[in-house]
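One structure below.
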Amino acid sequence: MTAALVVNSGSSSFKYQLIELEGERTLASGLVERIGESAGAWKHTNALTGESSSNDAASVPDHAAGFQAMIDAFAKVGPSFDEHPPAVVGHRVVHGGTTFDRATVVTDDVERQIEALNSLAPLHNPANLEGIRAAKQVFSDVPHVAVFDTAFHQTMPPHAYTYAIPADLAAKYAIRRYGMHGTSHKYVSEQAAVFLDRPLSELKTIVLHLGNGASAAAIDGGKSIETSMGLTPLEGLVMGTRSGDLDPAVLLHLHREAGLSFDELDTMLNKQSGLLGLTGNGDMRDVQDAALNGDEVAEAALAVYRHRIRRYVGAYTAQLGGLDAVVFTAGVGENNALLRRRVLAGLEHLGIEIDADRNELGSREARVISTDTSRVAVLVIPTNEELEIARQSAAVAL
């Protein structure tokens with residue numbers, strides 16, 4: 001059986017899945033973390049047997065050692081690489097700039113190009129690249145493929161990705177809207193067409209990827225024409241710890257009046273804002289529980305969160321020139337029925353009607369939550385970025 005190993009590497013950890021390509025089933029998954037610390041850790045699960053194993057005091061001095069720990073876990077818990085050898089290794093890379101508009105086999109030149117984009121994603125691309133280089137040492141006899149979060153959004157027209165700043169500065173420093181979560185938006189929009197049994201080329205879809213990081217995308221005929229994240233993952237919707245949309249003059253004001261440095265402002269916007277900044281808690285589940293128990297601060301924060309999503313739904317309906325489907329995905333989107341109901345309440349004039357019973361039904365399967373008479377289908381579709389990375393990696397390398 002041909003398999004793909006999918007890797008999502010961070011600066012001190014990486015997640016992985018081994019996916020059988022023919023049946024598209026997950027064979028194993030795991031996490032190696034605390035890389036470079038005095039005591040690393042790993043956890044591995046054999047999806048075929050359900051058996052798991054972990055080590056909270058492993059020696060993981062670097063990513064290469066982490067991949068060796070992963071190989072040892074496969075040998076200990078299975079499934080065996082002898083029976084399911086990876087034919088390709090697919091790597092998530094956050095930012096491809098305008099250089100990469102599709103999945104790309106990793107060469108020395110591609111590595112240099114990814115490294116050149118580090119300034120656009122300084123928290124992500126260097127770690128992604130470190131994972132690629134370490135994995136190539138361990139899996140030297142199979143192709144490695146970089147799959148970029150930004151690639152799917154490269155179909156946006158210039159009027160959607162251009163910021164109204166001096167053109168020479170924008171060109172010199174590669175400033176434009178790039179968007180993120182593209183792998184998820186692509187997978188979910190294609191699954192929506194399959195679920196609805198309609199040609200993807202005919203569908204006008206809004207995908208709401210709502211997790212700790214969150215983004216919306218307007219997808220016309222399978223192509224992204226607009227998305228909420230911008231140069232970085234900071235713009236757009238309210239998130240767990242990120243502010244989303246903000247008047248840039250707020251930063252200038254805080255710099256002048258509060259004396260905050262640009263590094264402090266960066267930290268504030270990315271790690272201290274969003275739900276965390278509004279309530280002191282960045283976990284949607286905790287914030288919603290507090291609101292249901294009468295916490296007015298939590299309810300006010302959720303109102304801001306919902307308002308931002310609704311604004312994008314309305315704007316993207318206009319940009320698409322109509323709407324066939326709204327799709328909720330990712331951790332919050334898939335599991336929070338109350339949020340879905342409140343986000344779309346009162347949008348009947350757009351053809352959106354939620355069925356209360358369908359919306360409340362918990363399931364890990366794709367499902368419709370709109371009424372039979374709703375002009376717009378409202379769906380919940382679990383995302384599977386790892387499978388999409390496996391598909392794209394196999395398509396370009398095998």
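The numbering of the sequence shown is the UniProt record's numbering, which starts it at 1 and goes up by one. Don't be surprised by glycine CBs; every beta carbon is placed ideally from N, CA and C.
Given a length threshold of 3 residues, each whole run of the beta strand (DSSP E) inside the region 207 to 267 is given here in chain order: 214 to 220, 223 to 227. Taking the C-beta atoms as reference points, VAL6 is found nearer than 7 Å to ILE389.
With fewer than 16 other beta carbons inside 10 angstroms of its own, ALA345 counts as exposed. Between the C-alpha atoms of ASP141 and ARG133 there is a straight-line separation of about 13 Å.
Contact check for ALA218 against TYR316 passes: the beta carbons are separated by less than 7 Å.
According to the DSSP assignment, PRO158 belongs to the alpha helix (DSSP H) that extends over 158 to 161. Going by beta carbons, VAL77 and GLU37 fall outside the 7 Å limit. Classified as buried, MET229 has 16 or more neighbouring CB atoms from the shown chains inside 10 Å of its CB. Relative to the Cα of LEU27, the nearest Cα in the group SER184, ALA3, ASP286, ALA41 belongs to ALA3. In summary, GLY23 is exposed, with fewer than 16 beta-carbon neighbours lying within 10 Å of its beta-carbon over all protein chains present. With contacts defined as CB atoms closer than 7 Å, VAL147 and GLY66 fail to qualify as a contacting pair.
Cα atoms of THR371 and GLY274: separation of roughly 32 Å, rounded to the nearest angstrom.
Here the alpha carbons of LEU48 and GLU264 stand approximately 47 Å from one another. Within the DSSP bridge table, the entry for ALA4 names ILE19, VAL88 as partners. A straight line joining the alpha-carbon of VAL380 with that of ARG340 spans about 10 Å.
Only residues of its own chain outside the window of five on either side were considered, and among them HIS209, THR383, GLU385 have a CB closer than 6 Å to the CB of SER184, listed in chain order. Contact between HIS153 and TYR178 holds: CB atoms are separated by about 6 Å, below the 8 Å threshold.
DSSP, read as helix, strand or coil, puts ILE165 in coil. The closest CA to that of ILE225, considering only GLU235, GLY236, GLU353, ILE206, is found on ILE206. Per DSSP, reduced to three states, the secondary structure at ALA146 is strand. Taking LEU169 as the centre and dropping the five residues before and after it, the same chain places the C-beta of ILE175 closer than 8 Å to its C-beta, in chain order. Closest in C-alpha terms to SER9, from the list ALA39, HIS95, HIS124, comes HIS124. The three-state reading of DSSP puts GLY280 in coil, since its state is none of H, G, I, E or B.
Close CB contacts of VAL396 within its chain, under the 8 Å cut and outside five residues either way in sequence, are with ARG102, ALA103, THR104, VAL105, VAL145 (chain order).
Considering only TYR16, LEU21, PRO122, ALA41, the residue with the shortest C-alpha distance to GLY30 is TYR16. The C-beta of VAL313 has 16 or more other C-beta atoms within 10 Å across all chains shown, which makes the residue buried. Counting only runs of 4+ residues, the alpha helix (DSSP H) found wholly inside the region 168 to 207 occupies 182 to 196, in chain order.
ARG308 and ARG256 have their alpha carbons spaced roughly 28 Å apart. Assigned with DSSP and collapsed to three states, ARG340 falls in helix. Within the region 104 to 138, the runs of alpha helix (DSSP H) that reach at least 4 residues and sit entirely inside it are, in chain order, 108 to 116, 125 to 138. Per the coordinates, the alpha-carbon of GLN392 lies some 11 Å from the alpha-carbon of LEU21. Under the DSSP definition of a beta bridge, HIS44 partners with GLY30, SER53. Around the beta-carbon of ILE71, fewer than 16 other beta-carbon atoms lie within 10 Å, marking it exposed.
Residue environment analysis places SER243 among the buried positions, since at least 16 neighbouring C-beta atoms fall within 10 angstroms of its C-beta.
Here the C-alpha atom of PRO233 lies approximately 12 Å from the C-alpha atom of ALA216. Per DSSP, the continuous alpha helix (DSSP H) segment holding ALA315 begins and ends at 296 to 320.
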